Structure formats: C-alpha cells, structure tokens
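Quick note: the sequence shown uses this note's numbering, first residue 21, plus one each step. One structure is given here, and the rest of the page talks about it.
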Amino acid sequence: MMLHGLAYLHSECHVIHTDLKPDNIMIKVEDPSILEESAKDEHEHPLPQKSCPDGRTIYLSRNDFGISEEITGRIQITDFDLSVRGDRGPNKGCIQAEIYRAPEVILDAGYSYSADIWSLGVMLWDVLEGKKLFKEVDPHEVQEYDELNHLGHISALLGPPPKELLDKGTRGDLFYKTDGQFRGTTIAPSNFNFEDSICNMHGEDKRMFFEFVQRMIKWNPEERGTAKELLQDPWLYADFDED
C-alpha cells in the first residue's frame with residue numbers, strides 16, 4: 021500500500037514527500053477498543069505536554085499500540101507539510117528525518133523522488149527488524165545527530181560513494197578525501213552488511229527481502245528503483261511457508 025501511495029504521489033502528482041518515517045504512516049486499527057483503552061490511560065496517566073508562548077499546547081502522541089496480529093490492508097501516508105514539487109527543476113536543502121536522510125541530502129548534491137525511496141528502504145528495514153539499520157548519533161554526545169557518523173555507517177554498508185555523487189555535492193569534502201576515502205572513524209562493525217544484519221527472516225524470504233531493500237538503499241539516486249518498479253518486486257508477491 022505504501023508503494024502504491026508513493027507511485028501515485030511521484031508519477032501522478034509529481035510530489036516528493038521528503039519526510040517519510042513511521043510517525044507519518046497511518047495503519048487501520050484492527051480493534052477499536054484499543055482507542056478507548058488509550059483514552060482511558062491518557063486520562064489516568066497523561067503524557068507530557070508543552071505549552072507554547074502563543075497559547076498552543078503540544079501533546080506527546082500515543083502511537084505504540086503493539087504489533088498487529090493481522091494485516092489490516094489499510095495504510096496511508098500522512099503529513100505533507102514539507103512536501104515539494106519534483107518537476108520544477110533541481111531541489112536543494114535539508115529534508116527528511118535524520119535517521120532516514122538520504123546521502124545526497126547530507127552531501128547537498130540535490131535530491132528528487134529517489135530521496136523518498138531511500139527513506140522507505142531504511143524505514144522498512146527498521147520496522148521489520150525492530151532496530152535501526154544505521155547509527156546516526158554521536159557516540160560521545162548522547163542523542164546528538166552526527167552526519168559524519170551517519171555517513172560512516174552508510175559507507176561501511178555500501179562501500180565508498182561514487183565520485184560523481186561527491187562531485188555534485190557542495191559538502192563532500194567535509195566527509196571524504198579526494199580519493200573517496202572516509203575522513204572519520206566509523207563505529208560500525210567491520211562485518212557490517214545487509215545479510216548479517218537481517219535476523220528476523222530466514223531462507224528464501226531473507227534472500228528476496230535482501231534483494232528488494234538493496235534496490236532502494238543505493239548511493240546513486242538514479243540507480244534506486246522507482247515506486248512503480250518496486251511494486252513489481254517478487255518479494256511482495258511471494259508466499260512463504262512458515263517454519
């Protein structure tokens with residue numbers, strides 16, 4: 021359903037979402053009583069809230085309702101406040117949630133629809149594995165986003181970035197030497213790779229998912245599959261027997 025939504029957004033509306041993340045994906049509640057229980061819990065144990073100078077109150081959302089026991093089939097992409105047109109020349113600037121930020125955005129090399137595809141690939145991996153693929157925080161500063169560390173993990177997973185991507189970016193020399201070698205010291209494991217990072221799948225399911233997500237998580241934006249192309253991926257239609 022998400023790929024159908026992205027295909028429509030990109031191909032028909034010519035819009036780049038720019039902020040794909042789990043918080044912006046809505047899934048149909050399989051049991052309405054969950055909402056009643058959540059409202060009761062909020063009344064008895066209210067979550068933190070913030071009062072703004074302009075009189076508004078910002079409430080922390082309750083969005084963890086556990087793992088769905090069945091596939092509801094209703095998924096919607098939401099929050100288009102930061103969306104931009106994708107058919108009016110090159111797009112520049114900082115977009116996307118930090119952990120789902122595409123490398124071309126960090127390098128300031130311009131971005132297009134393929135930036136959404138990167139976010140989707142990383143998000144799918146995170147959701148299915150239940151942990152983050154990349155570690156984007158500074159190990160010395162708790163919860164402080166660090167672009168160098170983020171790119172270090174991407175480099176450990178995918179190898180050095182292509183020269184043409186670095187040449188396009190205005191910030192490439194901050195992170196990479198002229199020969200493409202990473203300037204920082206990554207804390208990623210030496211054996212950091214897709215296959216060893218996937219623990220919740222096995223056999224043919226794991227192999228096909230690995231190939232599917234690889235089509236989205238690529239250095240070169242032009243080499244990533246489009247939403248329409250990804251809709252035809254065999255993994256989406258495979259019927260695996262449970263062990």
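Cβ coordinates follow ideal geometry from the N, Cα and C atoms, glycine included. Just so it is clear, the structure is predicted and the values come from calculations on it, not from any experiment.
Asked                                                                                                                   : Found
In chain order, each beta strand (DSSP E) run of at least 3 residues that lies wholly inside the region 139-203         : none
Segment contact flag, the region 192-200 with the region 222-235, C-beta cutoff 8 Å, min 3 pairs                        : no
Where residue 126 sits in the DSSP three-state scheme                                                                   : helix
Helix, strand or coil at residue 131 [DSSP, three-state]                                                                : strand
Member of 135, 124 and 95 whose CA lies at the smallest distance from the CA of residue 103                             : 135
Helix, strand or coil at residue 234 [DSSP, three-state]                                                                : helix
Residue 244 - DSSP class collapsed to helix/strand/coil                                                                 : coil
Where residue 227 falls: helix, strand or coil (DSSP)                                                                   : helix
Contact under 9 Å by Cβ, residue 107 with residue 34                                                                    : yes
Residue 4, enclosing beta strand (DSSP E) - first and last residue                                                      : Since the first residue shown for the chain is 21 and the last is 263, residue 4 is missing from the structure and cannot be characterised.
Own chain residues within Cβ distance below 7 Å of residue 143, not counting five before or after                       : 40, 41, 42 and 120
Reduced DSSP secondary structure (H/G/I, E/B, other) of residue 95                                                      : strand
Where the beta strand (DSSP E) containing residue 71 begins and where it ends                                           : 69-71
DSSP-derived helix/strand/coil call for residue 119                                                                     : helix
Residue nearest to residue 38 in terms of C-alpha spacing, selected from 190, 113, 152 and 233                          : 113
Beta-carbon proximity check, residue 232 vs residue 253, cutoff 9 Å                                                     : yes
Supposed close pair residue 47, residue 126 - CB separation, criterion 8 Å                                              : With a Cβ gap of about 29 Å, residue 47 and residue 126 do not count as contacting.
Close-in-space but distant-in-sequence residues of the same chain around residue 247 (CB under 6 Å, 5 per side omitted) : 23, 26, 27 and 30
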